[in-house]
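Sequential numbering from 1 applies to the sequence shown in the UniProt record's numbering.
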Amino acid sequence: MNPKLPYILLVGAAVVIFILSCMLLSRGKQSPSCESKHHIVEKVGSTSQSLVFADLTPEEMVQVVRYLRGNLGVQLVDASHAKPSDNCIASVDVQVPAKAEVLRFLDGGGARPPREALAVLYFGNQPDPNVTEYVVGPLPTPAYHRDVTVQKYGRKVPYHRRPMLGSEYMQVGAFLEMVAFAAAPTFLKEVFEYDGTNVAFQTTAPHGFQSGDRKSWFIMFQNVSGFFLHPVGLEVLVDHSSLDISRWAVSRVFYNGQYYRDMVQLESAYVQGRISVEKVKRAPQDGDFSSMKPRATPAALFPLQYEPQGPRYSVRNNHVVFQAWSFAFGMSVNTGLRLFDIRHKGERVAYEISVQEALSVYGSNCPGGMSTRYMDGSFGIGRYTSPLVRGVDCPYLATYVDTHSLSETLRPSKKKASLCIFEQNLGSPLRRHYSNLQSLYYGGLVNSALVVRSIATVGNHNYVWDFIFYQNGAIEGKVQATGYVSSSFLHGDGLRFGNRVWEHTLGMIRTHSINYKVDLDVGGVKNSLVAHDMAFEMTRAPWSPEQQIERPRLTKKILDTEDQAAFRLQSKMPRYIYFAANSKNKWGHQRGYRIQITSFAGDHVPEASSMERAISWARYQLAVTQRKEEEPTSTSIYNQNDPWTPTVAFTDFINNETITNEDLVAWITTGFLHIPHSEDIPNTVTVGNSVGFLLRPYNYYDLDPSIYSHDSVFFTSEQDFTACEINPVACLPKTASCLPNLPPFTYDGFQN
1 MNPKLPYILL
11 VGAAVVIFIL
21 SCMLLSRGKQ
31 SPSCESKHHI
41 VEKVGSTSQS
51 LVFADLTPEE
61 MVQVVRYLRG
71 NLGVQLVDAS
81 HAKPSDNCIA
91 SVDVQVPAKA
101 EVLRFLDGGG
111 ARPPREALAV
121 LYFGNQPDPN
131 VTEYVVGPLP
141 TPAYHRDVTV
151 QKYGRKVPYH
161 RRPMLGSEYM
171 QVGAFLEMVA
181 FAAAPTFLKE
191 VFEYDGTNVA
201 FQTTAPHGFQ
211 SGDRKSWFIM
221 FQNVSGFFLH
231 PVGLEVLVDH
241 SSLDISRWAV
251 SRVFYNGQYY
261 RDMVQLESAY
271 VQGRISVEKV
281 KRAPQDGDFS
291 SMKPRATPAA
301 LFPLQYEPQG
311 PRYSVRNNHV
321 VFQAWSFAFG
331 MSVNTGLRLF
341 DIRHKGERVA
351 YEISVQEALS
361 VYGSNCPGGM
371 STRYMDGSFG
381 IGRYTSPLVR
391 GVDCPYLATY
401 VDTHSLSETL
411 RPSKKKASLC
421 IFEQNLGSPL
431 RRHYSNLQSL
441 YYGGLVNSAL
451 VVRSIATVGN
461 HNYVWDFIFY
471 QNGAIEGKVQ
481 ATGYVSSSFL
491 HGDGLRFGNR
501 VWEHTLGMIR
511 THSINYKVDL
521 DVGGVKNSLV
531 AHDMAFEMTR
541 APWSPEQQIE
551 RPRLTKKILD
561 TEDQAAFRLQ
571 SKMPRYIYFA
581 ANSKNKWGHQ
591 RGYRIQITSF
601 AGDHVPEASS
611 MERAISWARY
621 QLAVTQRKEE
631 EPTSTSIYNQ
641 NDPWTPTVAF
651 TDFINNETIT
661 NEDLVAWITT
671 GFLHIPHSED
681 IPNTVTVGNS
691 VGFLLRPYNY
701 YDLDPSIYSH
711 DSVFFTSEQD
721 FTACEINPVA
731 CLPKTASCLP
741 NLPPFTYDGF
751 QN
């Protein structure tokens, strides 16, 4: 044996160990962090101009409140603890200037319109209680106010129409606990184990059967997590119409299928053994089946989306730029997310796209459920926009925007991260073709779109509001519904009105209707409405006259009047309906934007109903009217509490005026029928509960504008498709092999 051999083997082993160690270390080496690059150069002027639509700043809100308190000559109390007999500020929001003024500023080099606020005040402490709306300006230093109530609504707004304040709900709660419940101590103790803390209530609306009523059913639930699913069978009708709280009274009581005059009669019947009692097992504090706590432990992490070279969009103040798109955004305290001055390739295609209302109509054999028609704008879709949870409500690396509002208080409130903006790879091609005939090639474009999102939690309802911008010039408005279902206590013939979802819980049938305002300006302000569709025609084959062919042909119709352009909810509507410009594309066609609606709405409330006019916008899946400053919204926050004499009746907008070559607005209604089922427990999922509309270019361009996208992929069989300069996707192992910079998780939702 060679005496040097052991040393040679040791040296060789050391070399092998060193090489393996280097390989392991190199494999274990962390990828570099992704660099953030600025891909968009934005004109400062466009950002400055978009501020004409901007929400009020907290400082502006403070100045408006200070001005009102010092210049109206009346005492204004804080609405958060106001009594019905007080004067208070209900809300302050931006007053968007008239469209003509804005366009002179944006397009004609005119002066910037004065910045103003709209303040809604409740005057309960005066001989003629009423609701008054003031325009206050100019901001940031107010010097004038003017009453615009009669100008907007044609009359004063009676006090009984005012939306309920949070303080009024608290006052009703105190009345129930200290007055109503005190009249039935034995019943409450023995049936519900009532201890003053274990009962929650949910209100219903509208409040009665005729103008002037303010009588509300309050449905009792166990006060646990997800209380909406824990009805106990007791509902109380409270008359809170008097401005003197001491005069409030119980008008009727319902328990387990039976009606009683008041709580005193209920207590007496119970003590005498004349009540059929259905005891509900007391639920744990977490709600048990209604709890949102996970039933499984965490496992492999879900997929994340990131931008390897940073965001490809910019958000500055209220202005967004994404590829060929630009627009301004805002958050109305009543109606929520809205967009203005939407442009593609520098040309305005829409002046305003906004949510108008979210309506839900319930059915039940319990009084609270059967009388409920929630109009969420009255409660405040924007006011109840909730802070977003990073990584769940929106992608983790989305841009999160704080919003500010002033509602039912004297001070502005801030909702952190209540709006998000992100680019989303939808995981499918926007367009593609694989050719294996004649020539061999592949061409495609990833469907990457910009999403603007807010989520409103109005009671049990959670609405995910999206506006989505695609590379082909299309805009999508979409709403996804989730949250808890509202429930009734299951008794008698309850299954005629829904499904049983737990032992005593009836998931009530309901319809959801969503209304949007879409002010398209296609190739200019003046547009016409055109309908294209198809019809089969019979013809003889020219080459074989004895044979017959059925062929589809194009049908065309110009819709001249508002009556022709009002399409009832379940009626047949032309499948291609579009706003047509006064200009033509290269091929001689009128440039247009098509409206395409996605909806599976339930039936509308019968028009014979005494309250139907208040929600008459929901009669129509689409209605196109002349745009008028005096018709800014399809409804009013005052319609909820007096639908029998609506402050705004949308059907009055439709009066057969011409809509040819006019400034037009499309009012779009979309919705769905919801019959709750066991899979809605504990929470309704968004899958299958998504509706909305698309605005799609229709001969607006000479060809698909997305062909100019930098994301396009094309290669032939003769090219080296692994080369970066030929196929950018081949570069991803290099350009995208980085780790995203994930900021720490924070959430401020519980501080609002």
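Heads up, the beta-carbon is just placed ideally off N, CA and C, and yes, glycines get one too.
Nonlocal neighbours in the same chain, by C-beta distance under 6 Å from residue i, ignoring five residues either side
| i | result |
| --- | --- |
| residue 376 | 358, 458 |
| residue 200 | 221, 223, 227 |
| residue 695 | 475, 593 |
| residue 769 | Outside the displayed range of the chain (1 to 752) lies residue 769, so it cannot be described from this structure. |
| residue 82 | 88, 167 |
| residue 159 | 129, 130 |
| residue 384 | 456, 457, 458 |
Inter-residue spacing [alpha-carbon to alpha-carbon] between residue i and residue j
| i | j | result |
| --- | --- | --- |
| residue 629 | residue 116 | 16 Å |
| residue 296 | residue 490 | 30 Å |
| residue 352 | residue 501 | 41 Å |
| residue 237 | residue 190 | 22 Å |
| residue 561 | residue 639 | 27 Å |
| residue 535 | residue 504 | 53 Å |
| residue 70 | residue 64 | 10 Å |
| residue 683 | residue 483 | 5 Å |
| residue 583 | residue 472 | 20 Å |
| residue 603 | residue 153 | 29 Å |
| residue 103 | residue 506 | 52 Å |
| residue 341 | residue 149 | 27 Å |
| residue 585 | residue 572 | 29 Å |
| residue 397 | residue 172 | 43 Å |
| residue 79 | residue 163 | 12 Å |
| residue 253 | residue 510 | 24 Å |
| residue 724 | residue 733 | 11 Å |
| residue 112 | residue 291 | 52 Å |
| residue 62 | residue 420 | 26 Å |
| residue 570 | residue 615 | 16 Å |
| residue 737 | residue 308 | 8 Å |
For residue i, the three-state DSSP class (helix, strand or coil)
| i | result |
| --- | --- |
| residue 495 | helix |
| residue 465 | strand |
| residue 81 | helix |
| residue 737 | coil |
| residue 551 | strand |
| residue 160 | helix |
| residue 71 | helix |
| residue 147 | strand |
| residue 503 | coil |
Close beta carbons around residue i, own chain, < 8 Å, minus the five adjacent residues each side
| i | result |
| --- | --- |
| residue 592 | 522, 530, 578, 579, 580, 581, 697, 698, 699, 700 |
| residue 255 | 233, 234, 235, 266, 275 |
Distance CB(residue i)-CB(residue j) smaller than 8 Å
| i | j | result |
| --- | --- | --- |
| residue 136 | residue 145 | yes |
| residue 96 | residue 53 | yes |
| residue 335 | residue 356 | yes |
| residue 636 | residue 651 | no |
| residue 690 | residue 480 | yes |
| residue 413 | residue 454 | no |
| residue 332 | residue 382 | yes |
| residue 663 | residue 451 | no |
| residue 613 | residue 665 | no |
| residue 319 | residue 47 | yes |
| residue 271 | residue 186 | yes |
| residue 370 | residue 364 | yes |
| residue 744 | residue 324 | no |
| residue 494 | residue 488 | yes |
| residue 644 | residue 211 | yes |
| residue 282 | residue 641 | no |
| residue 118 | residue 133 | yes |
CB contact below 8 Å: residue i versus chain B
| i | result |
| --- | --- |
| residue 568 | Checking the listed chains, one finds no chain B in this structure; it contains a single protein chain. |
Chain-order list of residues whose beta-carbon lies under 7 Å from that of residue i (same chain, five-residue window excluded)
| i | result |
| --- | --- |
| residue 727 | 713, 715, 721 |
| residue 550 | 536, 538 |
Requested in this report: Let me know the alpha helix (DSSP H) ranges lying completely inside the region 179–267, each 4 residues or longer, listed in chain order.
Outcome: Those alpha helix (DSSP H) runs which fall completely within the region 179–267 and span 4+ residues are 185–192.
Query - beta strand (DSSP E) segments (min. 3 residues) lying fully within the region 508–537 - result: You should have 510–520.
Query raised in the report: Which runs of the alpha helix (DSSP H) fall wholly inside the region 334–397 and span at least 4 residues, in chain order?
Result: As summarised for the region 334–397, the continuous alpha helix (DSSP H) elements at least 4 residues long and confined to that stretch are 367–370, 376–379, given in chain order.
Query raised in the report: Can you give, in chain order, each stretch of the alpha helix (DSSP H) that sits fully within the region 639–688 and has at least 4 residues?
Result: none
Report task. For the region 593–640, list the beta strand (DSSP E) runs that are entirely contained and at least 3 residues long, ordered along the chain. Result -> 620–626
Query raised in the report: Which parts of the UniProt domain "Copper amine oxidase N2-terminal" (75–144) are runs of the beta strand (DSSP E), unbroken and 3 residues or longer, counting only runs that do not cross its ends?
Result: 87–95, 116–123, 130–137
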